[in-house]
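Participant: Just so we're aligned, residue 3 is where the sequence shown starts under this note's numbering, counting upward by one.
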Amino acid sequence: MSNALVLLSVAVDHVKIIAANKKQLEKRIKKQQQGIGFLMAILLLVGLIALASMLWMF
């Protein structure tokens, strides 16, 4: 009986660890997506400025 309890507690611990890792991973992915969005916005802004200056030259 005690073996079954030990196995059960180990399984519960594993589930808790997996859930925590998943949350951390989701947070990390969200941060990366925000970073990529920020980079894209900067590139878009730089592109628009370059386009405007080229048109202004003409």
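For every residue, glycine included, the Cβ atom is placed at its ideal position computed from N, Cα and C.
Have a look at residue 38 and residue 45 and give me their C-alpha separation to the nearest angstrom.
Facilitator: Cα to Cα, residue 38 sits roughly 11 Å from residue 45.
Participant: In this structure, does DSSP put residue 40 in helix, strand or coil?
Facilitator: Annotated three-state conformation of residue 40 is helix, per DSSP.
Participant: Pull up the distance between the alpha-carbon of residue 60 and that of residue 42, whole angstroms please.
Facilitator: 27 Å
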